[in-house]
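See below for the structure under consideration.
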Amino acid sequence: MADIYFVPSNLWHENYVELDKFLYRRFLKVMRMKDGNVIALTDGAGRYAEGVLRSQGHRIVLTEVSYHEDDRIPIDVYLPIIKGERMDWAIAKLGELGVRSITPVFTERTIVRKWSDNKKERCISILASSLEVRRRFWLTQCREAQKLEDIYDDIDIFFDIEGQSPQTVRFPVSVLVGPEGGLSLQEKSGLMESGAMPISLGKSTLRAETAAIVGVSILAYIGGVL
Numbered sequence: 001m002a003d004i005y006f007v008p009s010n011l012w013h014e015n016y017v018e019l020d021k022f023l024y025r026r027f028l029k030v031m032r033m034k035d036g037n038v039i040a041l042t043d044g045a046g047r048y049a050e051g052v053l054r055s056q057g058h059r060i061v062l063t064e065v066s067y068h069e070d071d072r073i074p075i076d077v078y079l080p081i082i083k084g085e086r087m088d089w090a091i092a093k094l095g096e097l098g099v100r101s102i103t104p105v106f107t108e109r110t111i112v113r114k115w116s117d118n119k120k121e122r123c124i125s126i127l128a129s130s131l132e133v134r135r136r137f138w139l140t141q142c143r144e145a146q147k148l149e150d151i152y153d154d155i156d157i158f159f160d161i162e163g164q165s166p167q168t169v170r171f172p173v174s175v176l177v178g179p180e181g182g183l184s185l186q187e188k189s190g191l192m193e194s195g196a197m198p199i200s201l202g203k204s205t206l207r208a209e210t211a212a213i214v215g216v217s218i219l220a221y222i223g224g225v226l
C-alpha cells in the first residue's frame, strides 16, 4: 500500500484539502513534491482520499473519496505518565499497534506530576505519525489526563506480576499499565473492588512502557485482532 498522510479534519472541504503552513512545507519543501503529484490522505476518522497537488492554490484537489470502518484494536490504554522520551516511545508504539485510545494517568508513584496542553499536543502529533506508519484510517485518540483514584470503575484489566495469566479477552477492553515502582496496595484494592482483574505478563518485572506494548500485544493476539 502507498503512503497515506494524515490531514486534520478541519482542513478538509468538499472537493479539496487545504494546505496549512505545516503541510505546505512538509509536502513541497521537505518531501519535494511537485504540482500534479497524487497524494493519499486520511482524516483519522475513517475518511480516505486521493488527490492531486496544486501548490499555487495551497490545496490538494480530491479525485476519489471513500470511508472505512473503525480499524483500531478495541483496547483503551490507561498509561502512567513516564519520564522523558520513554513516554513518547510508549505512545508511538501503542499508536502503531492501533489501540483505540490512550489516557495518561497519575498514580501514587507517578514521578511526573504534570500533563500540560503542550504534552497533549505532542501526544496527538506522535499518534498522527504512528497512523502514517500503520497506513490505516483511524487515529488513536489521546484523552485528557486522569487521576487513577477517579477512574477505578473505567478499568477492566490491570497488569500485575501477581495476577493470573490471560486466557481469553472480551472486547472492547480497558487496560491499566502500572507505573515505575508498581501500583500501591491501596490502588490494587480499589481496582479489584471496582471489578478490575489483575493480569500477569510473566515472571519478569517490566518497565511501564515495555509492559504496555507486551500487554496490549498479548491481549490483541489472544482476542484475534492483531
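Quick note on numbering: the sequence shown equals residues 1 to 226 in the numbering used here. All C-beta atoms, glycine included, are put in the ideal place defined by N, C-alpha and C.
Boundaries (first-last residue) of the beta strand (DSSP E) holding residue i
i      : result
Ala49  : Arg47 to Arg54
Ile199 : Met197 to Ile199
Ser174 : Val173 to Leu176
The alpha helix (DSSP H) enclosing residue i, as first and last residue numbers
i      : result
Gln208 : Note on residue identity: the sequence assigns Ala, not Gln, to residue 208. Ala208 to Ile222 is the extent of the alpha helix (DSSP H) around Ala208.
Asp160 : Note, Asp160: premise wrong, no alpha helix (DSSP H); beta strand (DSSP E) at Ile157 to Gln164.
Ile91  : Glu85 to Leu97
Ser116 : From DSSP, Ser116 is part of no alpha helix (DSSP H); its letter is neither H nor E.
Lys188 : Leu185 to Glu193
Sheet register partners of residue i (DSSP bridge)
i      : result
Glu18  : Arg59
Ile124 : DSSP, once it has assigned bridges, lists no residue as partnering Ile124.
Pro80  : Val105
Lys203 : Answer is none; Lys203 lacks a bridge partner.
Glu64  : Glu50
Thr110 : Answer is none; Thr110 lacks a bridge partner.
Lys147 : Phe106
Thr42  : Phe6 and Tyr48
Gln141 : Ser101
Rounded C-alpha distance that separates residue i from residue j
i      : j      : result
Glu69  : Asp43  : 13 Å
Ser184 : Glu108 : 7 Å
Ile213 : Val133 : 16 Å
Gly178 : Pro80  : 7 Å
Gly51  : Asp3   : 13 Å
Glu96  : Leu131 : 6 Å
Val173 : Leu41  : 29 Å
Glu121 : Ala128 : 11 Å
Arg143 : Met197 : 23 Å
Ile222 : Ser200 : 14 Å
Ser217 : Lys188 : 23 Å
Val77  : Arg59  : 36 Å
Pro166 : Leu23  : 43 Å
Gly202 : Gly182 : 15 Å
Val112 : Lys83  : 6 Å
Ile161 : Gly190 : 17 Å
Leu219 : Ser204 : 18 Å
Thr110 : Lys147 : 10 Å
Ile75  : Leu206 : 20 Å
Ile91  : Cys123 : 7 Å
Glu18  : Trp12  : 6 Å
Ala145 : Phe106 : 7 Å
Arg26  : Asn15  : 21 Å
Ser55  : Asn118 : 30 Å
Asp20  : Glu149 : 41 Å
Ile157 : Ala211 : 13 Å
Closer than 8 Å: residue i CB and nearest the ligand ADP heavy atom
i     : result
Glu50 : The ligand ADP is not part of this structure, which contains no ligands at all.
Contact belief for residue i with residue j at Cβ below 8 Å, rounded distance in angstroms
i      : j      : result
Ala49  : Leu28  : Between Leu28 and Ala49 the Cβ distance is about 19 Å, and since that is not below 8 Å, they are no contact.
Arg277 : Glu193 : The shown model of the chain, from 1 to 226, leaves out residue 277, and the question about it has no answer.
Ile73  : Val175 : With a Cβ gap of about 11 Å, Ile73 and Val175 do not count as contacting.
Gly215 : Phe159 : 5 Å
Ser9   : Ala45  : 6 Å
Leu139 : Phe6   : 7 Å
Asp71  : Phe171 : At roughly 14 Å, the Cβ-Cβ gap does not stay under 8 Å, so Asp71 and Phe171 are not in contact.
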